[in-house]
Amino acid sequence: MPYAPQHADVATAELDSALRGGPFHVALRAAIAARGLPLQRVQHHLSRRGVKVGVTSLSYWQQGARRPQRPESLRAVRALEEILELPEESLIRLLADSGEGPSGLRPAARSYRSLVEASGVLDQLLAELDCPPDGGLHSLGHHERLRIGARRELAERESHHIVRAHRDGIDRFVAVHHGDRGAVPERMRVHALENCRTGRVRWHRDTGVLAAELLFDTRLRAGDTFLFRYGVEDGTAEASHEYVRGFDSPGGQYALQVCFDAAALPARCHRFAQHSAAAPRSGCQDLALSGRHRSVHLVEPRVRAGFLGIGWDWE
0 MPYAPQHADV
10 ATAELDSALR
20 GGPFHVALRA
30 AIAARGLPLQ
40 RVQHHLSRRG
50 VKVGVTSLSY
60 WQQGARRPQR
70 PESLRAVRAL
80 EEILELPEES
90 LIRLLADSGE
100 GPSGLRPAAR
110 SYRSLVEASG
120 VLDQLLAELD
130 CPPDGGLHSL
140 GHHERLRIGA
150 RRELAERESH
160 HIVRAHRDGI
170 DRFVAVHHGD
180 RGAVPERMRV
190 HALENCRTGR
200 VRWHRDTGVL
210 AAELLFDTRL
220 RAGDTFLFRY
230 GVEDGTAEAS
240 HEYVRGFDSP
250 GGQYALQVCF
260 DAAALPARCH
270 RFAQHSAAAP
280 RSGCQDLALS
290 GRHRSVHLVE
300 PRVRAGFLGI
310 GWDWE
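Under numbering that gives the first Met the number 0, read the sequence shown as residues 0 to 314, first letter to last.
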């Protein structure tokens with residue numbers, strides 16, 4: 000293929016950059032891409048070295064949804080350096096540089112994908128709010144706006160929903176917010192901004208998950224449309240690196256805007272998609288930061304089941 004050499008050069012350059020600056024999951028993903036190995040082959044090579052790691056775990060590692068923590072996992076990382084022809088200790092160093100090395104690994108920066116791991120917690124919170132799996136609403140449009148603060152933290156998130164009821168009697172929506180690493184959900188605040196009011200709020204400290212009722216002032220009948228807007232004031236966690244939104248089923252338009260404080264501008268931003276939590280990312284595209292408003296965005300006219308998100312790298 001005529002573009003293969005050029006593609007290889009780009010992949011090698013991305014790998015070199017990631018190995019120098021990290022973070023770990025970006026470097027691992029770049030190394031696997033540069034070598035052109037599917038995850039099943041990576042797992043096979045690990046197995047031949049007596050290291051047992053599942054394909055799902057490898058996928059989580061390269062997505063940043065989970066980090067190697069156990070001794071066996073750290074042994075796998077060192078084996079990956081050999082399999083992927085990387086300098087010795089190059090991946091382990093990235094774990095250590097972020098304060099998450101063998102002496103005390105912590106969970107990866109939280110994102111919507113992490114709800115897969117915390118699904119038991121989320122189910123518990125939803126049960127406490129008497130929320131059925133099907134909330135009775137179909138999304139026609141959803142616009143989210145994130146503000147990243149001067150400490151690189153997720154300061155706040157605002158959501159504007161346009162929905163249609165598909166059964167009678169719907170009078171509320173349960174909003175879920177999942178903080179980044181170090182989040183303190185009991186210090187977060189939920190603000191009902193338009194056509195709703197805040198009801199019960201529940202949270203789980205260890206996973207940073209918060210669930211809040213948004214009560215409508217009317218009961219919708221099947222076929223009725225409704226607009227409402229709410230915000231979550233966060234600012235309790237460490238530096239944020241990405242935001243991912245999951246969709247259980249096809250829906251309407253989705254727009255995501257990320258706005259950065261003038262004192263904390265990212266080096267690079269990109270959008271991506273993912274068919275499932277275990278699938279590789281696809282549709283990656285660089286996003287240019289707007290000059291005046293210091294923001295990037297994505298718009299998906301009609302979402303499919305899966306994940307959409309924006310990630311950014313700090314210098």
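Glycine included, C-beta positions come from ideal geometry on N, C-alpha and C.
Quantities reported herein were computed from a predicted structural model and do not represent experimental measurements.
Sub-9 Å separation of residue i and residue j beta-carbons
| i | j | result |
| --- | --- | --- |
| Phe306 | Arg244 | yes |
| Leu45 | Ala75 | yes |
| Tyr253 | Glu157 | no |
| Ala304 | Ser248 | yes |
| Gln61 | Arg19 | no |
| Arg270 | Leu226 | no |
| Ala262 | Ala154 | no |
| Gly250 | His137 | yes |
| Phe259 | Leu286 | no |
| Gly135 | Leu219 | yes |
| Val257 | Val302 | no |
| Arg201 | Leu124 | yes |
| Arg48 | Glu81 | yes |
| Asp133 | Ala221 | no |
Among the options, the one whose alpha carbon lies nearest that of residue i
| i | options | result |
| --- | --- | --- |
| Ile169 | Gly234, Gln62, Glu212 and Tyr59 | Glu212 |
| Ala238 | Gly35, Trp313 and Thr11 | Trp313 |
| Pro300 | Gly140, Ala78 and Ala33 | Gly140 |
| Ala210 | Ile91, Ala272, Gly148 and Glu127 | Glu127 |
| His159 | Val231, Leu219, Val183 and Trp202 | Val231 |
| Val120 | Ala182, His203 and Arg28 | His203 |
| Arg186 | His176, Cys195, Leu192 and His137 | His176 |
| Ser58 | Leu286, Pro279, Trp311 and Ile309 | Pro279 |
| Cys195 | Gly53, Glu152, Asp216 and Gly148 | Asp216 |
| Gly35 | Leu83, His43 and Ala154 | Leu83 |
| Val208 | Leu192, Gly178, His190 and Gln42 | Gly178 |
| Thr317 | Val183, Gly222 and Asp223 | Any answer about residue 317 is impossible in this case: the structure gives the chain only from 0 up to 314. |
| Arg146 | Gly63, Leu255, Gly290 and Ser16 | Leu255 |
| Glu241 | Ala64, Ser89 and Val41 | Ala64 |
DSSP-derived helix/strand/coil call for residue i
| i | result |
| --- | --- |
| Leu255 | strand |
| Arg301 | coil |
| Met0 | In this predicted model, Met0 has a pLDDT of only 39, less than 50, meaning its place in the structure is not dependable enough to derive any value. |
| Gly230 | strand |
| Tyr111 | Caution is warranted here: a pLDDT of 43 is assigned to Tyr111, below 50, making its placement in the model unreliable, and the coordinate value is therefore given only provisionally. The answer is helix: DSSP assigns Tyr111 an H, G or I state. |
| Trp311 | strand |
| Val295 | strand |
| Glu327 | Residue 327 falls outside the range modelled here, since the chain spans only 0 to 314, and no answer is possible. |
| His240 | coil |
| His55 | Correcting the residue type first, residue 55 is Thr in the shown sequence and not His. If DSSP states are grouped into helix, strand and coil, Thr55 belongs with the helices. |
| Leu288 | coil |
| Ser89 | helix |
| Ser275 | coil |
| Gly103 | Model confidence at Gly103 stands at a pLDDT of 31, short of 50, so the residue's coordinates are unreliable; what they give is reported in the following sentence. Here Gly103 sits in coil by DSSP. |
| Gly245 | strand |
| Thr11 | helix |
| Gly98 | Any reading at Gly98 needs caution, since the residue's pLDDT is 41, under 50, leaving its predicted position unreliable; the model's value is listed next. Three-state DSSP puts Gly98 in coil, outside helix and strand. |
| Gly21 | coil |
Beta-carbon proximity list for residue i, same chain, < 6 Å, skipping 5 on both sides
| i | result |
| --- | --- |
| Gly198 | Glu212 and Leu214 |
| Trp311 | Pro265 and Cys268 |
| Arg14 | Correcting the residue identity first, residue 14 is Leu in this sequence and not Arg. Within the same chain, Leu14 has close Cβ partners Ala29, Ala30 and Ala33. |
| His274 | Gly305 |
| Cys283 | His269 and Phe271 |
| Ser281 | Ala272 |
| Pro101 | Low local confidence applies: a pLDDT of 35 at Pro101 is under 50, so the model's placement there is unreliable, and no value is given. |
| Glu143 | Ser158 and Leu255 |
| Cys130 | Val173 |
Close Cβ partners of residue i (< 8 Å) along its chain, the five nearest in sequence each way excluded
| i | result |
| --- | --- |
| Val50 | Glu71, Arg74, Ala75 and Ala78 |
| Leu85 | Leu18, Ala30 and Leu79 |
| Gln39 | Val54 |
Cβ-based neighbour list, residue i, same chain, cut-off 7 Å, excluding 5 preceding and 5 following
| i | result |
| --- | --- |
| Gly181 | Ala236 and Glu237 |
| Ala3 | Residue confidence for Ala3 is low, a pLDDT of 43 falling below 50, so the modelled location carries little weight and cannot support an answer. |
heavy atom of the ligand GDP below 8 Å from residue i C-beta
| i | result |
| --- | --- |
| Ser248 | Of ligands this structure carries none, so the ligand GDP is not represented either. |
Check: Counting only runs that start and end within the stretch 132 to 214, where is the beta strand (DSSP E) found for 3 or more residues in a row?
Finding: 136 to 147, 153 to 164, 169 to 177, 188 to 193 and 196 to 203
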